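Structure first, commentary second.
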Amino acid sequence: MRLLVNGEELQVEASTTVKELLASLGLGGTLVAVERNEEVVPRARHQSTVLHEGDHVEVVHFVGGG
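If you want the working numbering, it's the 1-based position in the sequence shown plus 103.
Pasting the structure below:
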């Protein structure tokens, strides 16, 4: 299935969850914010949120500094 992730087209397996997508991007254990179709997906729902063909996903990494 085709998704748009951070502005780039990405092919993933059907019924991929947000958690699985993050793992495939190498972000499984990192602190990120995820938005699907302009709605924030709470971290507690990453495992249960199934992505669909054509979804627009934005993944934001938190960066510390001082």
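Even glycine gets a Cβ: it sits at the ideal position worked out from N, Cα and C. These numbers were taken from a predicted model, which means no experiment stands behind them.
In the pairwise beta carbon analysis, the region 109 to 122 is classified as touching the region 136 to 156: at least three pairs are separated by under 8 Å. Rounded to whole angstroms, VAL153 and GLY168 show a C-alpha spacing of 33 Å. Here the C-alpha atom of HIS149 lies approximately 10 Å from the C-alpha atom of VAL143.
Uninterrupted alpha helix (DSSP H) stretches at least 4 residues long and entirely within the region 110 to 138 occur at 121 to 127, given in chain order.
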